[in-house]
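If you're matching positions, the sequence shown starts at 121 in the numbering used here and goes up one per residue.
Note that CB positions come from ideal geometry on N, CA and C, so glycine has one too.
Below: the structure, in C-alpha cells.
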Amino acid sequence: MSDIPKSSRRAFLRGSVAAAAGAVTASAARAATPDPLITEVQDWASGFGHGVDEVPYGLPIEHESDVIRRNVEWLTADTISSINFTPIHALDGTITPQGCAFERHHSGAIELRKQDYRLMINGLVETPLVFTYADLERFPRENHVYFCECAANTGMEWAGAQLNGAQFTHGMIHNMEYTGVPLRTLLAEAGITGETTGKWVYVEGADASSNGRSIPLDKALDDVLVAFKANGEALRKEHGYPVRLVVPGWEGNLWIKWLRRIEVLDQPVESREETSKYTDTLADGTSRKWTWVMDAKSVITSPSPQMPITHGKGPLVITGMAWTGHGRITRVDVSKDGGKSWETARLAQEGGNKALVRFYLDTVWDGEEMLLQARAMDETGYVQPTKDQLRAVRGENSIYHNNCIQTWHVKSSGEAENVEVS
Numbered sequence: 121m122s123d124i125p126k127s128s129r130r131a132f133l134r135g136s137v138a139a140a141a142g143a144v145t146a147s148a149a150r151a152a153t154p155d156p157l158i159t160e161v162q163d164w165a166s167g168f169g170h171g172v173d174e175v176p177y178g179l180p181i182e183h184e185s186d187v188i189r190r191n192v193e194w195l196t197a198d199t200i201s202s203i204n205f206t207p208i209h210a211l212d213g214t215i216t217p218q219g220c221a222f223e224r225h226h227s228g229a230i231e232l233r234k235q236d237y238r239l240m241i242n243g244l245v246e247t248p249l250v251f252t253y254a255d256l257e258r259f260p261r262e263n264h265v266y267f268c269e270c271a272a273n274t275g276m277e278w279a280g281a282q283l284n285g286a287q288f289t290h291g292m293i294h295n296m297e298y299t300g301v302p303l304r305t306l307l308a309e310a311g312i313t314g315e316t317t318g319k320w321v322y323v324e325g326a327d328a329s330s331n332g333r334s335i336p337l338d339k340a341l342d343d344v345l346v347a348f349k350a351n352g353e354a355l356r357k358e359h360g361y362p363v364r365l366v367v368p369g370w371e372g373n374l375w376i377k378w379l380r381r382i383e384v385l386d387q388p389v390e391s392r393e394e395t396s397k398y399t400d401t402l403a404d405g406t407s408r409k410w411t412w413v414m415d416a417k418s419v420i421t422s423p424s425p426q427m428p429i430t431h432g433k434g435p436l437v438i439t440g441m442a443w444t445g446h447g448r449i450t451r452v453d454v455s456k457d458g459g460k461s462w463e464t465a466r467l468a469q470e471g472g473n474k475a476l477v478r479f480y481l482d483t484v485w486d487g488e489e490m491l492l493q494a495r496a497m498d499e500t501g502y503v504q505p506t507k508d509q510l511r512a513v514r515g516e517n518s519i520y521h522n523n524c525i526q527t528w529h530v531k532s533s534g535e536a537e538n539v540e541v542s
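Written out as C-alpha cells, the structure is:
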C-alpha cells in the first residue's frame with residue numbers, strides 16, 4: 121500500500137497542472153494559468169506525420185537517444201574484449217530490450233549465418249550428433265523469462281564506492297524472454313552413456329576465444345536452454361546470434377554465445393575461463409571454485425545518480441529491480457536512512473523464477489537528504505547482505521559475485537551520488 125495520504129494526492133494533482141504551466145511552486149492560482157501547449161495548436165497537430173513505411177524496423181524516438189549502452193573507457197585496453205552496461209536507470213518494468221542489453225565479449229562479436237551454423241554433441245554419448253539451425257527449430261521449444269548477470273557485476277565496488285551511476289555499478293545484467301530447446305532434449309537425442317551422477321558437460325562457442333566452461337550435468341539436464349530467440353525475435357549478433365546457451369540463475373560467463381559444441385565428460389575441464397578468472401579470491405589469497413549461482417540482489421534505479429529528483433518536494437516513486445539465482449524474490453525493503461529503518465516495497469508482480477522483479481515504494485519526499493538502499497529476500501530465506509557482511513567472509517580481494525546492498529546519497533537538491541554505507 122502507498123503511504124501517500126489522500127490530501128497529498130489531491131495536492132499532487134493540482135501541482136501537476138501547475139508544473140505543466142511551468143510553475144515552480146504548485147498552487148491553485150498557478151494551476152489556472154493558460155498553458156500554450158494546450159491552448160495553442162502545435163506543429164505536431166498541424167500536418168501529416170510519417171507513414172507506416174518510414175522505418176521498416178522500429179527504432180526508439182530521437183527524444184530517447186540517451187537510453188543506450190555505455191562502456192567505461194579505462195576498464196579494458198580496447199572494446200574487443202570488454203563489456204558495456206545496460207541503461208537500467210532509464211528502464212522500467214522488467215523486460216530488457218535487446219538493443220539495450222549489455223554486451224560482454226572475449227574476442228568480439230562475430231558474424232555467423234544460420235546456414236553456416238552447426239552444434240556438435242560428443243563425448244560420453246551413445247551417438248555423437250551435429251545439428252543445423254534448421255534441425256533445432258524442429259524440436260519442441262519453450263519460452264522462459266530469465267535474467268543474465270555477469271559475475272563481475274558490481275565488482276568494482278568491493279573496495280568502496282567507485283562508479284557514479286546504477287548503469288555502471290549494476291548494469292551488467294539483462295532480463296529477457298528466451299525461446300529455445302531444453303538442452304536435456306538434445307542430450308537425450310544423443311543418448312548419455314552410463315550413470316549421469318558426477319558427469320559434466322563442457323560447452324564452448326564458435327568465436328576465436330572459444331570461452332569454454334564446464335557445467336555439472338545435473339544442471340544441464342534441469343533448466344538449461346539452447347536458445348535462438350530473445351523477446352520474440354532472433355538473437356542480436358552481440359548476444360550470440362544465431363544460437364546461445366541460457367543457464368538460468370547462474371553467472372553470465374556460462375551463457376555461451378555462438379554455441380558450437382557440447383561435450384559430455386566425467387570431470388570438469390578446468391579451462392582458462394574457470395581457473396584464471398571467474399573464481400572468488402578470499403582474504404588469504406586462496407580462491408573458491410564453482411560459485412556459479414547469482415545470489416539475491418537488488419538496486420534502486422530511480423532516484424539514482426543518473427536519475428536525480430527534478431520535481432521538488434512531494435510525491436515520489438522510488439523504484440528498482442531485484443533478482444535471485446535461487447528462484448523467486450519474495451520481498452524487497454527500502455531504507456531512506458542508510459539501513460536504520462526499512463519499509464516494505466510493493467512488487468509490481470509476483471517474482472518470476474530466476475527473473476527480475478520490479479519494486480516500487482510510493483512515498484513523499486520532504487526535500488531532506490536520504491541514504492537510499494534496497495534489500496532483497498528470496499524464497500529460500502536468503503537476505504541480501506551488506507558489504508561488511510561480505511567482506512567478513514571474503515575480504516577485499518574479490519571481484520565476482522558482489523551482491524551487497526547499494527547506497528545512493530540523495531541530496532536536498534535532488535541529485536544523487538554513489539556512497540558506501542557498509
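Check, Outcome
"Spatial distance of residue 208 from residue 257 (CA atoms)", "32 Å"
"At least three beta-carbon pairs within less than 8 Å, the region 248 to 265 to the region 510 to 525", "no"
"Where residue 504 falls: helix, strand or coil (DSSP)", "coil"
"Selection from 320, 516, 396 and 254 that minimises the alpha carbon distance to residue 404", "516"
"Whole beta strand (DSSP E) elements within the region 318 to 361, 3-residue minimum", "320 to 325, 333 to 336 and 345 to 350"
"Chain-order list of residues whose beta-carbon lies under 7 Å from that of residue 284 (same chain, five-residue window excluded)", "425, 537 and 538"
"Sub-8 Å separation of residue 541 and residue 489 beta-carbons", "no"
"Straight-line gap, residue 476 to residue 328 (C-alpha atoms, nearest Å)", "32 Å"
"Neighbourhood of residue 65 by C-beta, 7 Å cutoff - its chain only, sequence neighbours within 5 removed", "Missing from the structure shown is residue 65; the chain here goes from 121 to 542 and no further."
"Counterpart residues of residue 251 in DSSP-defined beta bridges", "239"
"Neighbour flag for residue 463 against chain B, beta carbons, 8 Å", "Here chain B cannot be found, since the structure has a single protein chain."
"Beta-carbon spacing of residue 472, residue 495 below 8 Å", "no"
"Residue 439 beta carbon less than 8 Å from that of residue 212", "yes"
"Backbone CA spacing between residue 423 and residue 429 [nearest angstrom]", "6 Å"
"With 16 other Cβ atoms within 10 Å as the buried cut-off, status of residue 233", "exposed"
"Counterpart residues of residue 471 in DSSP-defined beta bridges", "None, per the DSSP bridge assignment."
"Per-residue burial, residue 272 [other beta carbons within 10 Å of its own, 16 or more giving buried]", "buried"
"Which listed residue (330, 465 and 457) has its alpha carbon closest to that of residue 497", "465"
"Stretch pair the region 382 to 391 + the region 453 to 460: three plus CB contacts closer than 8 Å", "no"
"C-alpha gap between residue 297 and residue 337, whole angstroms", "24 Å"
"Contacts around residue 344, its chain only, beta-carbon distance under 8 Å, and the 5 residues preceding and following it disregarded", "302, 303, 304, 335, 365, 366, 367 and 368"
"C-alpha gap between residue 202 and residue 193, whole angstroms", "10 Å"
"C-beta atoms of residue 446 and residue 218 nearer than 8 Å", "no"
"Under 8 Å between C-beta atoms of residue 467 and residue 454", "no"
"Proximity of residue 504 and residue 419 at Cβ, strictly below 8 Å", "no"
"Residue 288, DSSP secondary structure in three states", "helix"
"For residue 408, the three-state DSSP class (helix, strand or coil)", "strand"
"Where residue 158 falls, given that 16 or more other Cβ within 10 Å makes a residue buried", "exposed"
"Residue 157 - containing alpha helix (DSSP H), residue span", "156 to 159"
"Residue 214 to residue 287 span [Cα, whole Å]", "15 Å"
"Pick from 163, 191 and 317 that is closest to residue 289, judged by C-alpha positions", "191"
"Within 8 Å, strictly: CB atoms of residue 377 and residue 325", "yes"
"Beta-carbon spacing of residue 421, residue 293 below 8 Å", "no"
"Coil, strand or helix - residue 148 by DSSP", "Residue placement at residue 148 is poorly supported in this model, since its pLDDT is 41, which falls under 50; the coordinates are not used for a value here."
"Rounded straight-line distance, which links the Cα of residue 388 to that of residue 248", "19 Å"
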